[in-house]
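These notes are about the structure you will find just below.
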Amino acid sequence: MLKVPGCNPLRKLGQGSYGEVYLAKKRDSEQLIAVKCISKLKLSRRGEDNLVSEIAILQKLEHPHIVRLLDFTWDSAKVYLYMEYCAGGDLSQYIRAKHRLPEKLVRRFLRQLGLALQYLKSKNVVHMDLKPQNILLTLNSNPILKVTDFGFARRAKDAVQRNELRGTLLYMAPEIYCEGLYHPSCDLWSVGVILYECLFGSPPYASQDSESLKLKLLKDEPIELPSDVTISSNCASLIRRLLKRHPTERMSHEEFFEHPFVDLEHAPSADSLDKALNHLEQAHELEKVCDWKSAYEGYLRGLSHLVAAVEYEVSPKPREELKQLAVQCFKQAEIVKARLKTGREYDSRPTRPAISAKFVSPTKFVSETEFKPTTVKSVARISTSRGAPPRPPLPTSLSFDSQSVVHFARDSQTKLPKADVQSPELSSSNLMGYLKSFFYSNSESSGPPLQLRSRTSAVIETPTLPAASSGKPWFHLSLLIIGIFPS
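Mind the numbering: the sequence shown is residues 15 to 501 in the numbering used here, read in order.
Put into structure tokens, the structure is as follows:
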């Protein structure tokens, strides 16, 4: 069995042209990690450059939908990259097992991929090899997607013109193969191919051999969507705009992030709960001055983010509590809508039950006027090997008042009533209809909490690694280049 510094290899996870990936257990903490073992003898000069670039880029990336580089080292024969382990395999295996994925699940995966791309764009990084094999999944009934393999990645300013092909032909943008042109939207073409494959079971240019594939890449013909699978109009429009052969006609990153099928503004994320609380507090303040229209719109915006917070939460109990809270907010929005229609004055509202206990922040008691939702941290969702910081307890019951909505995450005393099984009749927006179906009809079960790690809440434990073979420190990239690949 291969010897890995600081770890005990358990089994091989995969193999590539330059080396293998092993599941390994750290000797000091028993933590499971993935170790990428790269043979130095098999690396060309270009391969060495790609490896150094991958390490340099990964060291600066930290995002819940990007696989983390925990550490690296080398010896005389190999370079070892210690990576976050994703037990669910890759998206390619997942598609093969399911054949086709339902649109609802595809949208959830796509939004997670979109969040990763949005982060990469903010760091001026172009991946250049997006494909299902480079998208890993956590092992859970509600899997989380993570992008990996940045061997071909480059800074956006460098990704303009190349003399060599970078990427995988089946997912490569036509302008790369036909003209050697690396447009910033080349990653979006790959996203379109991945989206197509998830929905229809195979990529649009699937071929028996490489020559047939190259001919399809050279043909300047639009990609047709199969007619035997029904998808929404928003989904179809997104695929068509992503798979424009000419990069100038392809949608931009901003258009992708804002497209209705992606809608990253309302995508489930760690910020969803804070966004919801901000809008709900504003809606309550607008209620006080009888601005029913603006208050109603505020509740709708808050509810849309609260739905995202429910989808983001993976622990069953907090997820159910958030759903109950959203039902209460939904009812309050209906009350405001009724007042908007009848024009009733603020002081004519019936008296509501008093809150049974004053809501508190994690650090101090606050009054209603003192409350600032921006000071409230999102509910903790990731555990670490050192243990996540204590999370503010969510309530299990609540005597609802609009002002209590924005304080719920700080209350440890009051209790939420169980959600009603019937909802009021609605004739308002599609969002309200979606909320009804989500909170009253959704029977999807939640899996156990995901065991993810967070560099923001705990120090990363990395393998106890031996010094580099050169005997010199290797924390800086310049020393890395000299140490791994001495001239």
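From the three backbone atoms N, C-alpha and C, an ideal C-beta is built for every residue, glycine too.
Practice task
State buried or exposed for aspartate 288, treating a residue as buried only when at least 16 other CB atoms are found within 10 Å of its CB.
Solution key: Around the CB of aspartate 288, 16 or more other CB atoms lie within 10 Å, so the residue is classed as buried.
Exercise for the section: Put threonine 162 into one of helix, strand or coil per three-state DSSP. Expected result: It is coil, neither helix nor strand.
Handout entry: Helix, strand or coil at leucine 232 [DSSP, three-state]
Key = Of the three classes helix, strand and coil, the one that applies to leucine 232 here is helix, per DSSP.
Handout entry: Of the residues Lys118, Asn138, Thr162, Cys200, the one placed nearest arginine 259, counting alpha carbons only
Key = The option with the nearest alpha carbon to arginine 259 is Cys200.
Exercise for the section: Could you check the C-alpha separation between valine 393 and valine 324 for me, to the nearest Å? Expected result: The predicted position of valine 393 is uncertain, since its pLDDT is 39 and thus under 50; a value taken from the coordinates is nonetheless stated next. Rounded to the nearest angstrom, the two C-alpha atoms are 11 Å apart.
Practice task
Tell me where the alpha helix (DSSP H) around asparagine 64 begins and ends.
Solution key: Here the alpha helix (DSSP H) through asparagine 64 covers 59-72.
Practice task
Would you tell me roughly how many angstroms separate the C-alpha atoms of valine 420 and proline 218, rounded to the nearest one?
Solution key: Below a pLDDT of 50, predicted positions are generally treated as unreliable, and valine 420, at 45, falls in that range; the measurement from the model is reported next regardless. Using only the alpha carbons, I get a separation of about 47 Å.
Practice task
For the alpha helix (DSSP H) containing glycine 206, list its first residue and its last residue.
Solution key: Start and end: 200-214.
Handout entry: Rounded C-alpha distance that separates tryptophan 203 from alanine 220
Key = If I take the Cα positions, the gap works out to 15 Å.
Practice task
List the whole-angstrom C-beta distance separating aspartate 85 from tyrosine 96, where the pair is believed to meet the contact cut-off of C-beta under 8 Å.
Solution key: Sure, about 4 Å apart at Cβ, within 8 Å.
Practice task
Indicate whether threonine 87 and proline 19 have their beta-carbon atoms separated by less than 7 Å.
Solution key: Closer than 7 Å, so yes.
Practice task
Leaving out five residues on either side along the sequence, give the residues of the same chain with a beta carbon under 7 Å from the beta carbon of leucine 134.
Solution key: Within the same chain, leucine 134 has close Cβ partners His141.
Handout entry: As assigned by DSSP and simplified to three states, the class of glutamate 295
Key = Glutamate 295 falls in the helix class under three-state DSSP.
Exercise for the section: State the start and end residues of the unbroken alpha helix (DSSP H) segment that holds alanine 322. Expected result: Here the alpha helix (DSSP H) through alanine 322 covers 306-326.
Exercise for the section: Find the nearest neighbour of leucine 336 within the set Val350, Glu225, Glu211, Leu320, judged by alpha-carbon distance. Expected result: In terms of Cα proximity to leucine 336, the closest of Val350, Glu225, Glu211, Leu320 is Leu320.
Practice task
Report all residues from its chain with a CB closer than 7 Å to the CB of histidine 113; omit the five preceding and five following residues, and keep chain order.
Solution key: Hits under 7 Å: Gly215.
Handout entry: Spatial neighbours of phenylalanine 271 in its chain, beta-carbon cut-off 7 Å, leaving aside the 5 residues before and after
Key = Excluding residues within five positions, the ones whose Cβ falls inside 7 Å are Gly128, Gln132, Leu278.
Practice task
Taking the CB atoms as reference points, tell me whether threonine 182 and glycine 102 lie closer together than 7 Å.
Solution key: For threonine 182 and glycine 102, no; Cβs fall outside 7 Å.
Problem - Unbroken alpha helix (DSSP H) run spanning valine 350, endpoints - result: Per DSSP, valine 350 belongs to the alpha helix (DSSP H) from 330-356.
Problem - Rounded straight-line distance, which links the Cα of aspartate 89 to that of threonine 476 - result: Low confidence applies here, because threonine 476 scores a pLDDT of 37, under 50, leaving its location unreliable; read the following figure in that light. Cα to Cα, the separation comes out at about 17 Å.
Exercise for the section: With DSSP as the reference, label valine 120 as helix, strand or coil. Expected result: DSSP places valine 120 in helix when its eight states are reduced to three.
Exercise for the section: Kindly indicate the opening and closing residues of the beta strand (DSSP E) around leucine 29. Expected result: In the sequence on display, residue 29 carries glutamine and not leucine. Start and end: 21-29.
Handout entry: Validate contact between the stretch 205-214 and the stretch 236-251 using beta carbons, cut 8 Å, 3 pairs
Key = Yes, since at least three Cβ pairs between the stretch 205-214 and the stretch 236-251 fall closer than 8 Å, the two stretches touch.
Practice task
Report buried or exposed for glycine 206, applying the criterion of at least 16 other Cβ atoms within 10 angstroms of its Cβ.
Solution key: Under this definition glycine 206 is a buried residue.
Exercise for the section: Report the three-state DSSP secondary structure of leucine 83 (helix, strand or coil). Expected result: Strand, per DSSP.
Problem - Anticipated Cβ contact below 8 Å, asparagine 156 with valine 328, distance rounded - result: Right, the Cβ-Cβ distance comes to about 6 Å (below 8 Å), so this counts as a contact.
Exercise for the section: Answer yes or no: do lysine 92 and cysteine 51 have a C-beta to C-beta separation smaller than 7 Å? Expected result: The answer is yes: Cβ separation under 7 Å.
Exercise for the section: Could you tell me the boundaries of the alpha helix (DSSP H) in which glutamate 189 lies? Expected result: In the DSSP annotation of this structure, the continuous segment of the alpha helix (DSSP H) that includes glutamate 189 starts and ends at 188-193.
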